[in-house]
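Reviewing the structure listed below.
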Amino acid sequence: MSQPFKETPRNAISSSGIGRVIPCKELDVGDPIKWLALGWRDITRAPLLTAFYGLIFAAIPWLITYLVALTGWHLVILPSLICFMLIGPFLAAGLYDVSWELEKGHKPTLWHSIKAVKRNAVNEWGFGILLMVLMIFWLRVASIIHALYPPYLEENLENLLPFLALGSVVGAGFTLLVFFISAFTQPVLMERRVDLATAVLTSMNAVWSNKVPMLIWAAIIATSVAIGFITGFAGFIILMPLIGYATWHGYIDTIEVKRGRHYE
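Numbered by the working numbering, the letters in the sequence shown go through residues 384 to 647 in order.
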């Protein structure tokens, strides 16, 4: 889809000693819905690849929950699942590649999408390590919260509620930080082959410069995650690929390019 550029807002990050900032465009509040519509079209065009990645996204949180249940550490189920969501943008690289191939008029393949992480390998793996460090830090915080739980208290909802509430607040803070860092970082790295600092700063600038549309987009992602949890992770089979494809279209719509994009 080709659209005329809108007026570019002033960069929230005007200069940096560690990387440059690729300018972003001004979004409308309805743009995230448009991204979902384009993402759904990608699902219909690549149903088998969608099912493959969707099953992976559904299997990982199910496995985490199963293993945690075996240990009896129920207080760390939520942190473990949030950790999965922290590394989700990195795992979605294959989905971005599928949408990119469709944009170019190519037939996407599994092997090509798997190789997507090699396109800018050093910086893409660096991005994965960055998310992993955040995940480990969050796990340490979650462990501290778990350690604060008195061992003599019975594990019921009334006793657990304060600790679950504290964990949810801290987890929401980490999730918001990761959203700023990773909203468009992976697509920028894949297509532009820039350094990690430039991709992260570009993502942060785009989110900050388009607060309302990006908050709507964040709410859509959060709702999709909630539906996935409610459905026993089965909803992730469709919802996670949909979010992945839509993110690629969000990147195309948000980050400025020298030439217009054409995706019919």
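Yeah, the Cβ is synthetic: ideal placement off N, Cα and C, and Gly gets one too.
What span of residues does the alpha helix (DSSP H) with residue i cover, start to end?
i    : result
G437 : P430 to T454
K594 : K594 to I613
F619 : F619 to T637
T568 : T568 to R575
I497 : L493 to I497
S488 : For the record, residue 488 in the displayed sequence is Gly; it is not Ser. Taken as a continuous stretch (DSSP letters only), G488 belongs to no alpha helix (DSSP H), as it is neither H nor E.
A525 : A504 to A530
Can you tell me the Cβ-Cβ gap for residue i and residue j, rounded? I've got them flagged as a contact below 8 Å.
i    : j    : result
A589 : T637 : 5 Å
L547 : E507 : Wrong, their Cβ atoms sit about 34 Å apart, outside the cutoff.
G550 : A525 : 6 Å
Can you tell which of the options has its C-alpha closest to the C-alpha of residue i?
i    : options                   : result
F520 : A548, T568 and G556       : G556
L410 : F616, F612 and I599       : I599
S449 : F616, V640 and G633       : According to the sequence provided, residue 449 is Tyr. The question's Ser does not apply to it. Comparing Cα-Cα distances from Y449 to each of F616, V640 and G633, the minimum goes to F616.
L514 : A499, I527, F563 and E484 : F563
F627 : V553, A429 and K594       : Here residue 627 is Gly; the residue named in the question, Phe, does not match the sequence. Out of V553, A429 and K594, A429 has the C-alpha closest to the C-alpha of G627.
E574 : A602, E484, I416 and P596 : E484
V595 : G413, C407 and I405       : G413
K501 : A476, V516 and V481       : A476
G422 : A499, D480, V577 and H495 : D480
Residue i: buried (16+ other C-beta within 10 angstroms of its C-beta) or exposed?
i    : result
T606 : exposed
A504 : exposed
T630 : buried
M384 : Residue confidence is low: M384 scores 49 on pLDDT, short of 50, so the model does not pin down where it sits. No coordinate-derived value is stated.
E390 : In this predicted model, E390 has a pLDDT of only 44, less than 50, meaning its place in the structure is not dependable; the value taken from the coordinates is given anyway. By the neighbour-count rule (16 or more Cβ atoms within 10 Å), E390 is not buried but exposed.
L559 : exposed
T454 : exposed
G633 : buried
P570 : buried
At a cut-off of 8 Å, is residue i close to the ligand FMN when judged by its beta-carbon and the heavy atoms of the ligand?
i    : result
D636 : This structure simply doesn't include the ligand FMN, nor any ligand for that matter.
Checklist entry - Between the stretch 615 to 624 and the stretch 419 to 438, are three or more C-beta pairs nearer than 8 Å? => result yes
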